[in-house]
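Report on the structure given below.
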Amino acid sequence: MAGLMQRANLIAKAKISKLLNRAENPTETLDYSYEQQLQLLQNVKRGIADVVTSKKRLQMQTDQLEQSVVKLETQARQALAANREDLARQALERKAAVQQQLQGLDQQIQQLEAQQEKLVSSEQQLQAKIEAFRTQKEVIKAQYSAAEAQVKIGEAATGIGEQMADTGLAIQRAQDKTEEMQARAAAVDELISSGTLEDFTSGGQTQLDKELGQLASQSQVDSELAKLKAELGPGGDAPKEIEQGAPEREEQEQKQ
Amino acid sequence: MIVRLMGEGQYRVDDGQLAELNDLDDAAVRALEAGDEGGFRSAVEGLAARVREAGERLPDEELAGSDLIVPPSDLSLDEARELFSGEGLIPDLPG
């Protein structure tokens, strides 16, 4: 069996001759090939734009999830301060789940970054070769007889065709990667919207938010009550039931 | 001879390097056939490193065709099998 290097070479050359066989005469081959090159250049540019879009989407999700880590951490503290270890635990569990998602996203953003770099470098090489081909094409048309032109065209077309095959592979791999990432980003969106991984950063209140809000308003009622009692002066008969129902009373007393 | 490192560019390499490159190439084929992804990648990386070290980078505007082509070293085994299956991982050129 031939080595990898020969096989890769044969495959690239086969693609190129397939392309060249489509044109009838030498000049047509030149112009046809040039059009193909420009089309491929557009494809690379589109490929780069797609990678950048995917990357931005993942980066936005990362920002969202990072904000929710901060928020969940704050909520865990608030819950503990209010002696609600159950809520604090819930917040920390969610924080751990969000952090796990974040780790995966980071790696994927790096992979897209690498694809972007490869495509940009491929684009530059293709652009340089297209420019060289364009110059040579005009020289061949102007200076060579039909028989000589055939040889020159073959050489130039092989050189650029190889670059086209190389760039084509880079685009294809970047597309595969981008599709994979889009599926992944959609899955994170899905997780967020289905509530499995609640979007803590959106306006909507989570159960955790509501419970912590209730604790906060309860303690506000307690402190106003204490203020009223103080205004009425000592000896005022405060209703016992309300005091018993307020777990934050100790905290309020410490503050005073 | 001219060697292309896919995704990177072309190098002019002295013909005397061919035997060494072929050894690395054989190792890559064996790893591919054995389904050894790590071995495959390190063989292809070794091949590319040898070409970079011994060769001279051709300018991008050079239109010469290559004598040998080294696939990207970050190919997975599946991608490599597809690349060498004939129909190939390389898409048909636009047209």
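Chains A and B, in that order, are what the protein sequence lines are. Adding 15 to a residue's 1-based position in the first sequence gives its number in my numbering. Adding 11 to a residue's 1-based position in the second sequence gives its number in my numbering. Here a beta-carbon is modelled for each residue, glycine too, at the ideal position from N, C-alpha and C. What you are looking at is a predicted structure, and each value in this text was computed from that prediction instead of being measured.
| Asked | Found |
| --- | --- |
| Should T173 (chain A) be flagged as near chain C, meaning a C-beta pair shorter than 8 Å? | Here chain C cannot be found, since the structure's protein chains are A and B. |
| Between the beta-carbon of R41 (chain B) and the beta-carbon of E177 (chain A), is there less than 8 Å? | no |
| Do V55 (chain B) and S96 (chain B) have their C-beta atoms within less than 8 Å of each other? | no |
| Hey, how far is the Cα of A157 (chain A) from the Cα of E146 (chain A)? | 17 Å |
| Could you spell out where the beta strand (DSSP E) holding Y22 (chain B) opens and where it closes? | G20 to R23 |
| Does the Cβ-Cβ distance between L94 (chain B) and L88 (chain B) come in under 8 Å? | no |
| So L74 (chain B) and I13 (chain B) are supposed to be a Cβ contact under 8 Å. How far apart are they, rounded? | At roughly 11 Å, the Cβ-Cβ gap does not stay under 8 Å, so L74 (chain B) and I13 (chain B) are not in contact. |
| Residues of the region 151-185 of chain A in Cβ contact with chain B at a cutoff of 8 Å, in chain order, please. | Q151, E170, A171, T173, G174, I175, G176, E177, M179, A180, D181, G183, L184 and A185 |
| Tell me E67 (chain B)'s beta-bridge partners as DSSP assigns them. | B:R23 |
| Give the secondary structure of R22 (chain A) by DSSP, where H, G and I count as helix, E and B as strand, and everything else as coil. | helix |
| Using the Cα positions of I155 (chain A) and L56 (chain A), report the straight-line distance between them to the nearest angstrom. | 23 Å |
| The beta strand (DSSP E) that contains L29 (chain B), what's its start and end? | Here L29 (chain B) belongs to no beta strand (DSSP E); instead the alpha helix (DSSP H) covers L29 to A45. |
| Opposite I80 (chain B) in the DSSP bridges: which residues? | B:R15 |
| Taking 8 Å as the CB-CB cut-off, is M20 (chain A) touching chain B? | yes |
| Alpha carbon to alpha carbon, how far is G66 (chain B) from K144 (chain A)? | 20 Å |
| Report the residues of the region 32-56 of chain B with a CB closer than 8 Å to any CB of chain A, ordered along the chain. | L32, N33, D36, D37, A39, V40, L43 and V55 |
| Just the chain B side, please: which residues come within less than 8 Å of S137 (chain A) by C-beta, in chain order? | G18 |
| What does V81 (chain B) touch in chain A if you count any residue whose Cβ is under 9 Å from its own? | L19, M20 and A23 |
| Ordered along the chain, which non-local residues of its own chain (more than five positions away) have a Cβ less than 8 Å from that of A200 (chain A)? | S69, R72, L73 and Q76 |
| Under 8 Å between beta-carbons, which chain A residues line up against E72 (chain B)? List them in chain order, please. | A143, K144, E146 and A147 |
| Drop a sphere of 10 angstroms on the beta-carbon of V66 (chain A), count the other beta-carbons inside from all chains shown, and report buried for 16 or more, exposed for fewer. | buried |
| Report the CB separation of L134 (chain A) from I63 (chain A) in whole angstroms; it is logged as a contact under 8 Å. | 5 Å |
| Considering only residues of the same chain and omitting the five flanking positions on each side of A91 (chain B), which have a CB-CB separation below 6 Å? | L43 |
| Counting only Cβ pairs nearer than 8 Å, list the residues of chain B close to K133 (chain A). | G18 |
| Cα separation between N24 (chain A) and E31 (chain B)? | 18 Å |
| Buried or exposed: which applies to A202 (chain A), given that a residue is buried once 16 or more other Cβ atoms fall within 10 Å of its Cβ? | exposed |
| So with Cβ pairs under 8 Å, would you call R63 (chain B) a contact of chain A? | no |
| Provide the residue span of the alpha helix (DSSP H) that contains N58 (chain A), from first to last. | P41 to A96 |
| When burial is assigned at 16 or more other CB atoms within 10 Å of the CB, is V236 (chain A) buried or exposed? | exposed |
| Are any of the Cβ atoms in chain B nearer than 8 Å to that of Q130 (chain A)? | no |
| Within a Cβ cutoff of 7 Å, which residues of the same chain sit near G218 (chain A), ignoring the five residues on either side of it in sequence? | With a pLDDT of 46 at G218 (chain A), under the threshold of 50, the modelled position of that residue is not reliable, and the figure given next carries that caveat. Excluding residues within five positions, none has a Cβ falling inside 7 Å. |
| Where does S53 (chain B) fall in DSSP's three states? | helix |
| Taking the alpha helix (DSSP H) that D89 (chain B) falls in, what are its first and last residues? | L88 to L94 |
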